[in-house]
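In the order they appear, the protein sequences are chains F and S.
Residues 17 to 207 (my numbering) make up the first sequence, in order.
Residues 17 to 207 (my numbering) make up the second sequence, in order.
Every residue gets a Cβ at the ideal spot worked out from N, C-alpha and C, and that includes glycine.
Report on the structure given below.
Protein chains: 2
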Amino acid sequence: MRFLKDIIIERGQIFPNNVVKVDCFLNHQVDVVIVSELAKEIYNRFKDSGVTKILTVESSGIPLACLTALEFKIPFVFAKKRRTINLTENLYKANVLSHTTGKYSEIMIAAEYITPEDKVLIVDDFLAKGSALHALIDIVNEAGAKLIGAAVAIEKGFQGGGDALRKEGVRVESLAIIDKMSQDKMIFRDE
Amino acid sequence: MRFLKDIIIERGQIFPNNVVKVDCFLNHQVDVVIVSELAKEIYNRFKDSGVTKILTVESSGIPLACLTALEFKIPFVFAKKRRTINLTENLYKANVLSHTTGKYSEIMIAAEYITPEDKVLIVDDFLAKGSALHALIDIVNEAGAKLIGAAVAIEKGFQGGGDALRKEGVRVESLAIIDKMSQDKMIFRDE
């Protein structure tokens with residue numbers, strides 16, 4: 017998506033360890049006008065797939081999931097990383113390795129919110145090694161729901177998570193794929 | 017807001033320790049059609065106040081903040097509870113006591129995203145004792161920004177946080193205020 021690549025080039029910052037900092041518009045401060053455009057693009061790519069529910073994981077996936085759900089006019093669910101007193105009963109759980117913190121964490125979803133009737137589209141801000149997506153896919157499978165695919169804003173193609181999922185047969189749509197990064201440059205995959 | 021009270025009565029569940037569980041539409045599964053209506057109501061109440069930025073705290077405040085920001089066509093910022101490698105520099109910090117976990121936690125915002133020029137509307141899903149709002153107000157003050165007010169979906173009036181803030185002169189708009197709760201009933205404050 018040319019629109020997103022231009023914004024990443026203009027507003028993103030490259031940090032050590034292949035970190036692309038886009039927290040001025042995507043995952044700390046959120047420019048809802050921009051993220052709305054991303055949501056519309058995801059809607060266009062999946063609008064004929066019968067999606068009934070959007071699934072993401074807290075926190076930085078929530079804005080894009082929320083605005084994508086608004087396009088589809090369907091609910092979204094965000095997996096939680098911490099158990100609260102609201103979340104005590106029948107749960108689906110999976111483990112995620114965070115690229116930004118380097119730690120494993122458990123994610124949880126109340127079982128009632130993903131059912132065998134659901135056709136699920138997973139949405140997230142970033143895709144690197146794919147640990148979060150794998151965990152969400154595990155939950156979709158455990159629930160007996162149908163996985164329609166995954167849509168992310170930015171994929172770090174050089175970390176391989178997206179292509180591994182595609183080889184497994186998962187439909188992964190990334191709005192911008194960074195195939196190479198150096199200290200001062202990003203090279204995007206052609207669409 | 018009659019609309020929200022009716023939904024709380026129909027879809028909310030009362031749990032021990034004065035917990036109102038609304039995670040089927042507000043803070044785990046999110047019904048974006050409902051939350052959009054709440055966002056429109058917040059917009060109507062604050063549309064003449066010159067708001068330039070919406071501020072919330074991860075995670076459950078994000079959906080309402082996101083859709084409210086969309087109504088205003090301005091950015092929102094969510095304070096983070098965990099430091100990631102994205103968040104290393106100049107920060108504003110404050111402490112929050114969580115009503116649902118019973119623990120203190122630090123929240124952080126990159127200083128660049130709240131500036132002295134900003135007129136800030138704080139948005140959250142719940143207001144109980146007001147610890148999260150106080151922490152966010154501390155950050156607004158530390159940044160030298162102007163606080164316009166706070167808007168929350170559900171206020172637990174009997175826990176006093178909202179009225180204490182109003183006494184301090186903060187404009188607090190709650191879309192539904194629960195003034196009394198028993199095991200099987202909620203009594204709402206008249207508007």
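Item, Value
"If you follow the beta strand (DSSP E) that K135 (chain F) is in, where does it begin and where does it stop?", "K135 to L143"
"Anything in the segment 69–80 of chain S with a Cβ closer than 7 Å to a Cβ of chain F? List those residues in chain order, please.", "E74, S75, I78 and P79"
"Taking the beta carbon of I209 (chain S) as the centre, do at least 16 other beta carbons fall within 10 Å, making it buried, or is it exposed?", "Past the boundaries of the shown model lies residue 209 (chain S); chain S is included only from 17 to 207, so the question cannot be answered."
"Find out if the Cβ-Cβ distance for the pair I164 (chain F), V67 (chain F) is shorter than 7 Å.", "yes"
"When burial is assigned at 16 or more other CB atoms within 10 Å of the CB, is G160 (chain S) buried or exposed?", "exposed"
"What are the boundary residues of the beta strand (DSSP E) that includes K37 (chain S)?", "V35 to K37"
"Let me confirm a value: V49 (chain F) is counted as buried when at least 16 other C-beta atoms fall within 10 Å, else exposed. Which label applies?", "exposed"
"So Y59 (chain F) and E87 (chain F) are supposed to be a Cβ contact under 8 Å. How far apart are they, rounded?", "4 Å"
"Would you mind working out which of F:K196, F:I193, F:D206 and F:K145 sits nearest A180 (chain F), comparing C-alpha positions?", "F:K145"
"For G165 (chain F), write down the residues that DSSP places opposite it in a beta bridge.", "F:L137"
"Can you name the residues of chain S whose CB is closer than 8 Å to the CB of V46 (chain F)?", "C82, A85, P91, F92, V93 and F94"
"Short of 7 Å Cβ to Cβ, which residues in the segment 123–137 of chain F face chain S?", "A126 and Y129"
"What are the start and end residues of the beta strand (DSSP E) that includes K69 (chain S)?", "K69 to V73"
"Less than 7 Å between the C-beta atoms of L71 (chain S) and I138 (chain S), yes or no?", "yes"
"Restricting to Cα atoms, I'd like to know which of F:D154, F:T84 and F:S52 is closest to F62 (chain F).", "F:T84"
"Return the first residue and the last residue of the alpha helix (DSSP H) that V51 (chain F) is part of.", "V48 to F62"
"Which same chain residues, not among the five before or five after S65 (chain F), have their C-beta less than 6 Å away from its C-beta?", "I164"
"Residues of chain S with a CB under 7 Å from the CB of V208 (chain F): which are they?", "Given a span of 17 to 207 for chain F in the structure shown, any question on residue 208 (chain F) remains unanswerable."
"DSSP state of S190 (chain F), grouped into three classes?", "strand"
"According to a CB-to-CB cut-off of less than 9 Å, which residues of the segment 145–159 of chain S neighbour chain F?", "none"
"Quick one: what's got a C-beta closer than 8 Å to V136 (chain S)'s C-beta in the same chain, skipping five residues either side?", "V67, T68, K69, I70, L71, I130, V156, A161, K162, L163 and I164"
"From F:G178, F:E171, F:A148 and F:G177, pick the residue whose C-alpha is nearest to that of M202 (chain F); which is it?", "F:E171"
"Where does L113 (chain F) fall in DSSP's three states?", "strand"
"Would you list, in chain order, the members of the segment 50–63 of chain F that have their beta-carbon closer than 7 Å to a beta-carbon of chain S?", "S52"
"Output the boundary residues of the alpha helix (DSSP H) element that contains K21 (chain F).", "R18 to R27"
"In the structure shown, what three-state DSSP assignment does F31 (chain F) receive?", "strand"
"Using a Cβ-Cβ cutoff of less than 6 Å, which residues in the same chain neighbour C40 (chain S) once the five nearest sequence positions on both sides are dropped?", "R27"
"Which word fits F19 (chain S), buried or exposed, when buried means at least 16 other C-beta atoms lie within 10 angstroms of its C-beta?", "exposed"
"Could you please give me the residues that DSSP links to K97 (chain S) through a beta bridge?", "According to DSSP, K97 (chain S) bridges with nothing at all."
"Count the other C-beta atoms from every protein chain shown that fall within 10 angstroms of the C-beta of Q29 (chain F), then say buried if there are 16 or more, exposed otherwise.", "exposed"
"Considering only residues of the same chain and omitting the five flanking positions on each side of N34 (chain S), which have a CB-CB separation below 6 Å?", "M197"
"Which residues does DSSP list as the beta-bridge partners of I15 (chain F)?", "Since the first residue shown for chain F is 17 and the last is 207, residue 15 (chain F) is missing from the structure and cannot be characterised."
"Who are the Cβ neighbours of F204 (chain F) in its own chain at under 7 Å, not counting the five residues just before and after it?", "K21, A192, I193, I194 and D195"
"For A151 (chain F) and N111 (chain F), which I take to be in contact (beta-carbon distance under 8 Å), what is that distance rounded to the nearest angstrom?", "6 Å"
"Among the residues of its own chain, which have a CB less than 6 Å from the CB of V38 (chain F), if the five just before and after it don't count?", "G28"
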